[in-house]
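Note that the working numbering gives residue 167 to position 149 of the sequence shown, counting from 1, and the numbers run on in steps of one.
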Amino acid sequence: MDAFLQQLPALLGVVIGALGSYLALVRSDQARFRREEAARWEERRLAVYSDYARSVKKTVTVTYRVAAALGCGTHPDPLPLDEAKPLLAEANDGRDPSGEALLMLGSVEVVDQARAWVVTVMERYVREGQRDPESWQALLARQRAGREGYYTAVREDLGLPPGHSARWRLPVTEPVPPQR
């Protein structure tokens, strides 16, 4: 019995050390699991945000083409409204599922900005056949501001640094003189 009592402090030290190692390992695994889970949700939100932007952009591109056909825009591939109607319907049908996913996974700010962007999409303008280049340019500026607000909200939600405004400044080119 004396030998057991002499070894008892060492045995208690081993038991306490093993218990401490086990608890440290469990806490470490829990923290890693939470980090990995947060990363998975962040990846899902990024995919939802990207899908939604792509679906809105499809409608925007079709409206650019129709506006060019109406004489308001400068898209290189003008498209008459009659030919654009099925493309607009397809773009709207594609936007519905991505919009629902956005509502489920998006932050309040991102969803609000998405709404502000989509309501400025110029579909109604081109469906009505308007031909006022000045009002088209104003609508175009509002749509671009809506898109910029959406991307800003997405970056803030995902903890990304500020990004590009997507307002491309094209270099002014001098006309090439005709060759003789």
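Cβ atoms here follow ideal geometry from the backbone N, Cα and C, with glycine treated the same way. Everything numeric in this text was worked out from a predicted model, so none of it was measured.
Which residue from Glu141, Gln131, Glu146, Arg149 puts its Cα closest to that of Glu174?
For the residues Glu141, Gln131, Glu146, Arg149, the minimum Cα distance to Glu174 belongs to Gln131.
Taking Cβ to Cβ, would you say Val128 is nearer than 8 Å to Tyr40?
Contact: no.
With a threshold of 16 other CB atoms inside 10 Å of the CB of Trp154, please say whether the residue is buried or exposed.
It counts as buried.
Starting from the Cα of Ala56, find the closest Cα among Tyr82, Leu123, Ser73, Leu88 and give me that residue.
Taking only the C-alpha atoms, the option nearest Ala56 is Leu123.
Using 10 angstroms around the beta-carbon of Val33, count the other beta-carbons present and answer buried if the total reaches 16, otherwise exposed.
By the 10 Å Cβ count, Val33 comes out exposed.
Would you tell me roughly how many angstroms separate the C-alpha atoms of Gly167 and Ala119, rounded to the nearest one?
Cα to Cα, Gly167 sits roughly 19 Å from Ala119.
In or out: Arg72 buried (at least 16 other Cβ within 10 Å) or exposed?
Exposed: under 16 other Cβ atoms inside 10 Å.
Decide if the region 155-166 is in contact with the region 35-49; the criterion is three or more beta carbon pairs, one per stretch, under 8 Å apart.
No: fewer than three Cβ pairs fall under 8 Å.
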